[in-house]
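Everything on this sheet refers to the single structure shown next.
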Amino acid sequence: MRRAICLIFTVVLAAGCQQKADRALVSGLSSYAFGEFEYAARRLAAGARRTDEHFVLNNARLGSAALAAYDLDEAEHAFLRAYEVQNGVGTNTGGQTLGAVIVSEDRRVWKGEPFERAMTSFYLGLAYYVRWGLDDSVYDLLNARAAFENSLFKLRDYGENPRKTDAYREQESNFSLAHLMLARTWMRLGRSDLARANQERAVALQPSLAPLANALLDPETNVLLVIDVGRGPRKETTLNGLVAGFGPRPQEAGPPVAPTVRVNGRPLPLGEMNRPTVDLLALAQDRRWQSIDTIRAIK
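Going by our numbering, the first residue of the sequence shown is number 28, and it counts up by one from there.
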């Protein structure tokens with residue numbers, strides 16, 4: 028059987044707002060940076076259970092570490108808790124489906140920017156998809172499909188003068204990464220029509236993804252690599268503490284590094300399948316992917 032290595036190349040989930048770090052958090056983040064994912068997940072678990080204003084951020088961190096460590100149940104639970112709060116399931120209520128964890132109503136919970144919401148849903152879908160590869164449960168495929176679709180919420184264009192929160196135009200998402208994984212998932216579910224539709228949408232949004240999109244729908248493709256590279260965008264402030272925008276900008280950071288894959292020490296010919304599917308540094312500069320509060324704060 029011919030083997031095709033398919034790469035989905037993203038920039039790691041943004042770190043969000045700053046918080047006072049404790050030893051476990053610092054240890055967990057350092058371990059994650061050095062590839063010690065199991066230890067990182069253990070160190071991050073306690074912080075993710077605290078129902079404070081960093082509930083979403085800490086669960087996204089835990090989910091990222093657990094997913095990399097193949098602790099798929101922990102990854103599912105963490106990303107689902109973050110997803111519920113980000114998307115207003117009970118507003119400040121997290122984890123209702125997993126045990127009614129209540130985030131205090133007197134706290135302003137960090138929920139992230141729209142691009143961070145999309146990545147939370149994407150990673151949740153990825154956890155389900157990877158688990159399907161291990162247990163072959165159709166329920167995991169269905170949950171993966173739902174999570175990937177949830178990352179394709181409509182974007183809001185507030186124009187050049189966003190003074191009214193209800194004065195915006197809705198636009199379809201340009202999150203091609205989710206369309207690629209939806210194409211693969213629908214193919215596994217036996218819906219070639221929907222698989223093809225999502226493949227075509229991904230290529231229409233990003234023509235450079237055509238080789239990868241074609242490989243994803245090739246029934247002989249039996250290896251799929253999802254690669255996170257680099258650091259996500261961070262909010263930058265002026266000396267007066269005002270929000271200046273997200274940084275670094277793509278032109279400051281340079282183009283994403285194209286990965287190489289080696290098998291038995293030999294590099295595989297990837298062709299154009301190592302093109303980036305999404306660059307969060309670029310996405311963060313697009314006001315459609317920013318919250319209305321951030322748009323108003325940036326001067």
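For each residue, glycine too, the CB sits at the ideal point set by N, CA and C. Just so you know, these numbers come straight off a predicted model, no measurement behind them.
### Task
Take the Cβ of K138 as the centre, count every other Cβ of all protein chains shown within 10 Å, and call the residue buried at 16 or more, exposed below.
K138 should be labelled buried.
### Message
So if DSSP puts F273 in a beta bridge, which residue, or which two residues, is it bridged to?
### Response
K262.
### Query
Cβ of A222 within 8 angstroms of Cβ of L251?
No, the Cβ-Cβ distance between A222 and L251 is not below 8 angstroms.
### Query
Do you know offhand how far L308's Cα is from R276's?
Those two C-alpha atoms are separated by around 6 angstroms.
### Message
Going by DSSP in three states, P234 sits in which element: helix, strand or coil?
### Response
Per DSSP, reduced to three states, the secondary structure at P234 is helical.
### Query
Expressed to the nearest angstrom, what Euclidean distance is found between the alpha-carbon atoms of W159 and N267?
Between W159 and N267, the C-alpha separation is close to 49 angstroms.
### Given A102 as reference, the closest of S164, N86, I322 once Cα atoms are compared
Nearest of S164, N86, I322 to A102, Cα basis: N86.
#### Entry: Inter-residue spacing [alpha-carbon to alpha-carbon] between D255 and V284
For D255 and V284, the distance between alpha carbons rounds to 11 angstroms.
### Query
Got a sec, what are the start and stop residues for the alpha helix (DSSP H) E65 sits in?
From DSSP, the alpha helix (DSSP H) with E65 extends over 64 to 76.
### Message
If I follow the unbroken alpha helix (DSSP H) through D320, where does it start and stop?
### Response
From DSSP, the alpha helix (DSSP H) with D320 extends over 319 to 324.
### Task
Grab me the residues of S54's own chain with a C-beta within less than 7 angstroms of its C-beta, minus the 5 sequence neighbours each way, in chain order.
Hits under 7 angstroms: R70.
### Query
Along the chain, where does the beta strand (DSSP E) that runs through V256 open and close?
Per DSSP, the continuous beta strand (DSSP E) segment holding V256 begins and ends at 250 to 256.
### Whole-Å CB distance - T212 paired with Y150, under 8 angstroms assumed
About 14 angstroms; that fails the 8 angstroms criterion.
### Task
Would you tell me roughly how many angstroms separate the C-alpha atoms of I325 and A173, rounded to the nearest one?
The C-alpha of I325 lies about 33 angstroms from the C-alpha of A173.
### Task
Along the beta strand (DSSP E) that carries D167, what are the first and last residues, could you check?
That residue, D167, is in no beta strand (DSSP E); its alpha helix (DSSP H) goes 165 to 177.
### Query
DSSP three-state call for L10: helix, strand or coil?
Any property of residue 10 remains undetermined from this structure, which presents the chain solely from 28 to 326.
### Query
CA-CA distance, G122 and G90?
Because the pLDDT at G122 is just 42, under 50, the model does not fix this residue reliably, and the point stays unresolved.
### Query
Would the region 278 to 292 and the region 220 to 240 be scored as touching if the rule is three or more Cβ pairs under 8 angstroms?
The region 278 to 292 is not in contact with the region 220 to 240.
### Task
Decide if D100 is buried, meaning its Cβ has at least 16 other Cβ atoms within 10 Å, or exposed.
Result: exposed.
### Task
Please work out which residues of its chain come closer than 6 angstroms, Cβ to Cβ, to E197, disregarding the five sequence neighbours upstream and downstream, and give them in chain order.
So the qualifying residues of the chain are K181.
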